[in-house]
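Step one of this worksheet: look at the structure below.
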Amino acid sequence: MKVEDATVITCSPGRNYVTLQLTGGGGTVGLGDATLNGRELAVVSYLQDHVLPTIIGRTATNIEELWQFLYRGSYWRGGPVTMTAIGAVDMALWDLKAKWLGVPLYELLGGRSRECLRAYGHAWGRDPAAAMQAADDMVAAGFSAVRVQCGLPSLPFAFGPAQGNDSSLPREEQWSTDEYLALIPGLFLSLRDRYGPQVSLLHDVHHRLTPTEAAWLGQRLEPARMYWMEDPVPAERQESYRAIRQRTTTPIAVGEVLNSVYDCQQLIEQELIDFIRMAPAHGGGLTALKKVAALAEVHHVQLACHGPSDLSPISLAAAIHCGTAVWNTAIQEYVPHPAESAAVFRTSHRLEKGYFVAGDTPGLGVEFNEKAAQRYPYKRAYLPVLRRPDGSVADW
Ligand code: KDG
Ligand code: MG
Numbered sequence: 462m463k464v465e466d467a468t469v470i471t472c473s474p475g476r477n478y479v480t481l482q483l484t485g486g487g488g489t490v491g492l493g494d495a496t497l498n499g500r501e502l503a504v505v506s507y508l509q510d511h512v513l514p515t516i517i518g519r520t521a522t523n524i525e526e527l528w529q530f531l532y533r534g535s536y537w538r539g540g541p542v543t544m545t546a547i548g549a550v551d552m553a554l555w556d557l558k559a560k561w562l563g564v565p566l567y568e569l570l571g572g573r574s575r576e577c578l579r580a581y582g583h584a585w586g587r588d589p590a591a592a593m594q595a596a597d598d599m600v601a602a603g604f605s606a607v608r609v610q611c612g613l614p615s616l617p618f619a620f621g622p623a624q625g626n627d628s629s630l631p632r633e634e635q636w637s638t639d640e641y642l643a644l645i646p647g648l649f650l651s652l653r654d655r656y657g658p659q660v661s662l663l664h665d666v667h668h669r670l671t672p673t674e675a676a677w678l679g680q681r682l683e684p685a686r687m688y689w690m691e692d693p694v695p696a697e698r699q700e701s702y703r704a705i706r707q708r709t710t711t712p713i714a715v716g717e718v719l720n721s722v723y724d725c726q727q728l729i730e731q732e733l734i735d736f737i738r739m740a741p742a743h744g745g746g747l748t749a750l751k752k753v754a755a756l757a758e759v760h761h762v763q764l765a766c767h768g769p770s771d772l773s774p775i776s777l778a779a780a781i782h783c784g785t786a787v788w789n790t791a792i793q794e795y796v797p798h799p800a801e802s803a804a805v806f807r808t809s810h811r812l813e814k815g816y817f818v819a820g821d822t823p824g825l826g827v828e829f830n831e832k833a834a835q836r837y838p839y840k841r842a843y844l845p846v847l848r849r850p851d852g853s854v855a856d857w
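Take the sequence shown: its letters are residues 462 to 857, numbered as in the working numbering.
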């Protein structure tokens, strides 16, 4: 089966998504998610101007060969734009091949390692009482694992949802490490008292601390027995994770901004983290993620794919198939997609009592409605920018 046609569609059903459709012989269509939040059109151009003309006419079922052709053949390697483009092609090729063979994708990835994949939901509140209420709601909805984020006394929307800004330019938010560190340990100790050992608690620091601050926080969170503390410091300098690791037993999750096995090699090989969070789309696709997971398995690191609503339902389906097959997968992030997106992406996976069940339809099990997508044109949008009390830029 050859790749006969390739199209990229941008749409914004509640938020921006970029979808790659690869058509193979016989008219079978494979889908890939090419969404890179805030830099969507860079990936569109990379695909349309540089990648797609080179894959038309190639054998679609030789996925590894095509991956190496795109990765090594471009000379310039790595980074989020390049790897998201390769990730989208790779995802679409796996979808195409599984549809061509008439099997759900997890079958091609080694078959089932598990019946279903544990999910964690998100809870957010303007203050600790509201955050605890939001966590209660997730537990009542059946989640046994909840990521809890909370506003700060003088910054009630810290870590929170957009505030009516259309984000056509980056929204600027304020940050206070002092308020944050004063509040978070108490919140999680209260949550642990409230739930006992039944609920796994997660928290995303979102790259906002220094290694010393992160070690301090990790120590104070130990009595709350966290499932993980995510992205405590930016991951460019991975050696910094050793300073955190050596000073706290709170588990560490990293990886949503990493794009290749080389990006996470030190963190995994030196066992500086417990969970690797690369997404199939941003990490160069399932071909690459399988190799990351294999390296991680040797080092007691578990896979927990990034699953925000700024990746499309195609990415979520890919993560669910991957997590169903890959043994050392721990958990999958779940954030509901905007309601409008249901008209554009029809999925066959199910969420049942806090666990994902992969769809049994061939391929990824996602149908993309191009006509519906046209009703939601792309709108430029950005992630926020964070500033410290003195006005200098901080890591958002
Ligand atoms: O585009 C950035 C978001 O995907 C990110 O901020 C979400 O940190 C995130 C998470 O853990 O889902
Ligand atoms: Mg995160």
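Glycine included, every Cβ here is placed at the ideal spot set by N, Cα and C.
Under the three-state DSSP convention, the category residue i falls into
| i | result |
| --- | --- |
| Ile604 | Contrary to the premise, residue 604 reads as Phe rather than Ile in this sequence. It is coil, neither helix nor strand. |
| Lys560 | helix |
| His583 | strand |
| Ala467 | strand |
| Ala549 | helix |
| Thr496 | coil |
| Arg519 | coil |
| Trp636 | coil |
| Pro565 | strand |
| Trp555 | helix |
| Ala855 | strand |
| Phe618 | coil |
| Ala842 | coil |
| Trp439 | The shown model of the chain, from 462 to 857, leaves out residue 439, and the question about it has no answer. |
| Met687 | coil |
| Arg849 | coil |
| Asp827 | At residue 827 the sequence reads Val, which differs from the Asp that was named. Strand. |
| Glu700 | coil |
| Glu732 | coil |
| Ala778 | helix |
| Thr489 | coil |
| Thr808 | strand |
| Val906 | The structure shown does not extend to residue 906, since the chain is modelled only from 462 through 857, so no value can be given for it. |
| Leu527 | helix |
| Thr785 | helix |
| Gly744 | coil |
Distance between residue j and residue i (C-alpha atoms, nearest Å)
| i | j | result |
| --- | --- | --- |
| Pro640 | Leu847 | It should be noted that the sequence gives Glu, not Pro, for residue 640. Distance between the alpha carbons of Glu640 and Leu847 is about 15 Å. |
| Met690 | Ala553 | 32 Å |
| Leu613 | Ala584 | 15 Å |
| Val464 | Ala755 | 29 Å |
| Pro684 | Ala619 | 25 Å |
| His668 | Thr522 | 39 Å |
| Val803 | Ile781 | Note that residue 803 is Ala in the sequence shown, not Val. For Ala803 and Ile781, the distance between alpha carbons rounds to 18 Å. |
| Gly491 | Pro514 | 17 Å |
| Val694 | Glu526 | 36 Å |
| Lys922 | Ser605 | This structure does not reach residue 922, given that the chain is present from 462 up to 857, and the question cannot be answered. |
| Asp446 | Pro741 | Since the first residue of the chain shown is 462 and the last is 857, residue 446 is not available in this structure. |
| Ser506 | Ser473 | 17 Å |
| Ile792 | Ile516 | 34 Å |
| Met462 | Ile705 | 50 Å |
| Tyr567 | Val504 | 27 Å |
| Leu733 | Tyr723 | 15 Å |
| Ile737 | Ala765 | 6 Å |
| Asn626 | Ala842 | Legend: pLDDT at Asn626 = 45, less than 50; position of this residue unreliable, no value from coordinates given. |
| Val607 | Val542 | 30 Å |
| Arg811 | Ala778 | 10 Å |
| Val666 | Asn477 | 25 Å |
| Gly657 | Tyr688 | 13 Å |
| Met593 | Val512 | 47 Å |
| Gly485 | Ile729 | 37 Å |
| Gly571 | Cys577 | 15 Å |
| Leu483 | Thr785 | 24 Å |
Selection from the options that minimises the alpha carbon distance to residue i
| i | options | result |
| --- | --- | --- |
| Thr545 | Ile516, Ala590, Leu719 | Leu719 |
| Arg573 | Asn830, Gly820, Ile516 | Gly820 |
| Leu642 | Val660, Thr673, Ser629, Gln659 | Thr673 |
| Trp636 | Tyr688, Cys611, Gln529, Val542 | Cys611 |
| Gly824 | Arg632, Thr484, Leu557, Asp598 | Leu557 |
| Asp771 | Gln835, Ala495, Glu730 | Ala495 |
| Arg753 | Trp788, Ile775, Gln659, Ser773 | It should be noted that the sequence gives Val, not Arg, for residue 753. Ranking the options by Cα distance to Val753, first place goes to Trp788. |
| Ser615 | Asp588, Ser629, Ala601 | Asp588 |
| Cys725 | Arg655, Arg698, Arg686, Gly657 | Arg698 |
| Thr520 | Leu508, Tyr536, Arg500, Asp551 | Asp551 |
| Ser629 | Pro845, Leu648, Ala855, Ser721 | Pro845 |
| Ala590 | Arg500, Ala749, Ala467, Arg655 | Arg655 |
| Ile713 | His767, Gln727, Gly679 | Gly679 |
For residue i: DSSP bridge partner residues
| i | result |
| --- | --- |
| Ala661 | A small fix is needed here, since residue 661 is Ser in this sequence, not Ala. Answer by DSSP bridge pairing, in chain order: Ala606. |
| Ile737 | Val715, Leu764 |
| Gln793 | Ala580 |
| Val479 | Thr471 |
| Cys725 | The partner list for Cys725 (beta bridge, DSSP) is empty, contrary to what the question assumes. |
| Glu674 | Answer by DSSP bridge pairing: none, since Glu674 is not bridged. |
| Glu813 | Tyr816 |
Cβ of residue i within 7 Å of any chain D Cβ
| i | result |
| --- | --- |
| Thr471 | Looking at the structure shown, chain D is missing, and only one protein chain is on hand. |
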